[in-house]
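Numbering (this note's numbering), first residue to last: 401 to 462. As structure tokens, the structure follows; a few thoughts come after it.
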Ligand code: SF4
């Protein structure tokens, strides 16, 4: 994990965010992860479009 992408909050290491809240590893043009092959386990476990994802985006569950 590139250290320049990581911040620490209350002792926990996290991906840093841009001003708009997007992950710093997300390419704002392509909308693709620039570190996909080495992305954190949390990202690997997260399923795009799952209920929590849709809730955060304000979309109804399907
Ligand atoms: S997969 Fe993870 S590391 Fe990659 S852009 Fe999304 S939140 Fe960031």
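Glycine included, every Cβ here is placed at the ideal spot set by N, Cα and C.
Look at the Cβ atom of residue i, then the Cβ atom of residue j, and state whether they are nearer than 7 Å.
i           : j           : result
residue 425 : residue 405 : yes
residue 407 : residue 416 : yes
Using three-state DSSP, classify residue i as helix, strand or coil.
i           : result
residue 413 : strand
residue 408 : strand
residue 452 : helix
Specify, as a first and last residue, the run of the alpha helix (DSSP H) that residue i falls within.
i           : result
residue 442 : 441-445
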